[in-house]
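The sequence shown begins at 1 in full-length UniProt numbering and counts up by one.
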Amino acid sequence: MTDEQHSLLKASEINSMDAFEFHHPLNPNSEIYLRFLGRAVGLKRIGVTIARVPPGKESFIYHAHQNEEEWVYILSGRGIAEIGDIEYEVESGDFMGFGLPQQPHHLRNPFNEDLVYLIGGEAGRLDVGVFPRLGKRVIRDSESAYILDESALQLFWSSKQSAED
């Protein structure tokens, strides 16, 4: 494959891509189908993905990232976006951006047609995801991810120790 071919995905190629089916392990109503556009054209530091959430299902889980910004652009269908403590009905053409520090957010599809959107953001080597409603965090380090209860977190350095060192 030449660099030119690697940098371009034609619509016919995108439409024929196999979707990766994902169910968030902490949300039994999560069902999302992902086509990784960024990976397909060799992007390493930016993720760009087409996501599809069937009727009655949810994307991932109410969450916030500590190290990575992300965005969502609705292509078709309608959904309910939870951003912080507010719910918004979203539809084709709506855009959401989640800078840092980030408000927790989530998408669900209570409607009768698929919710399809582009999602993108940074693809750093290290991120911490916070699941505030569950009191859990996930730590992603390159290709591995680890989940832990926030009650198990201990400060590595206390302010007193830092002042003494």
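All C-beta atoms in this analysis are idealised placements derived from N, C-alpha and C, irrespective of residue type, glycine included. Computed from a prediction, not measured in an experiment: that's the story for all the values here.
**Report entry** alpha helix (DSSP H) segments (min. 4 residues) lying fully within the stretch 19-99
**Finding:** Secondary structure within the stretch 19-99: the alpha helix (DSSP H) runs of 4 or more consecutive residues, fully enclosed, are 37-40 (chain order).
Query raised in the report: Where DSSP assigns a beta bridge to F131, which residues make up the other side?
Result: Here residue 131 refers to the residue found at position 131 when the sequence shown is read from its first residue. Answer is K136, bridged to F131.
Report task. Measure the alpha-carbon distance for E91 versus S158 and round it to whole angstroms. Result -> To locate residue 91, count along the sequence shown from 1; it is residue 91. To locate residue 158, count along the sequence shown from 1; it is residue 158. Between E91 and S158, the C-alpha separation is close to 46 Å.
Report task. State buried or exposed for L8, treating a residue as buried only when at least 16 other CB atoms are found within 10 Å of its CB. Result -> In the sequence shown, counting from the first residue as 1, residue 8 sits at position 8. Exposed, because fewer than 16 other Cβ atoms sit within 10 Å of the Cβ of L8.
Query raised in the report: Which of the three DSSP states, helix, strand or coil, is assigned to I109?
Result: Here residue 109 corresponds to residue number 109 of the sequence shown, with the count starting at 1. The residue asked about is misnamed: residue 109 is Asn in this sequence, not Ile. In this structure, N109 counts as strand in the three-state DSSP scheme.
Report task. Output the distance between the C-alpha atoms of S76 and F156, rounded to the nearest integer angstrom. Result -> Residue numbering aside, residue 76 sits at position 76 when the sequence shown is read from its first letter. Residue numbering aside, residue 156 sits at position 156 when the sequence shown is read from its first letter. Cα to Cα, the separation comes out at about 46 Å.
Report task. Using alpha carbons as the reference points, say which of A40, A152, R108 and A145 lies closest to H15. Result -> In the sequence shown, the residue the question calls residue 15 occupies position 15. Note that residue 15 is Asn in the sequence shown here, rather than His. Per the Cα distances, A40.
Query - Three-pair Cβ contact test at 8 Å for the stretch 37-56 versus the stretch 114-123 - result: Yes, the stretch 37-56 touches the stretch 114-123.
**Report entry** DSSP-derived helix/strand/coil call for E122
**Finding:** Residue numbering aside, residue 122 sits at position 122 when the sequence shown is read from its first letter. E122 falls in the strand class under three-state DSSP.
**Report entry** Assigned exposure category for H65 - 16 Cβ within 10 Å defines buried
**Finding:** Counting from one through the sequence shown, the residue named residue 65 turns up at place 65. Counting Cβ neighbours within 10 Å, H65 comes out buried, since at least 16 surround it.
Query - Chain-order list of residues whose beta-carbon lies under 6 Å from that of S142 (same chain, five-residue window excluded) - result: Position 142 of the sequence shown, counting from 1, holds the residue named residue 142. Excluding positions up to five away in sequence, the list reads R125.
Query raised in the report: At which residues does the beta strand (DSSP E) containing S144 begin and terminate?
Result: Here residue 144 is taken as the residue at index 144 of the sequence shown, counted from 1. Taken as a continuous stretch (DSSP letters only), the beta strand (DSSP E) holding S144 covers S144 to D149.
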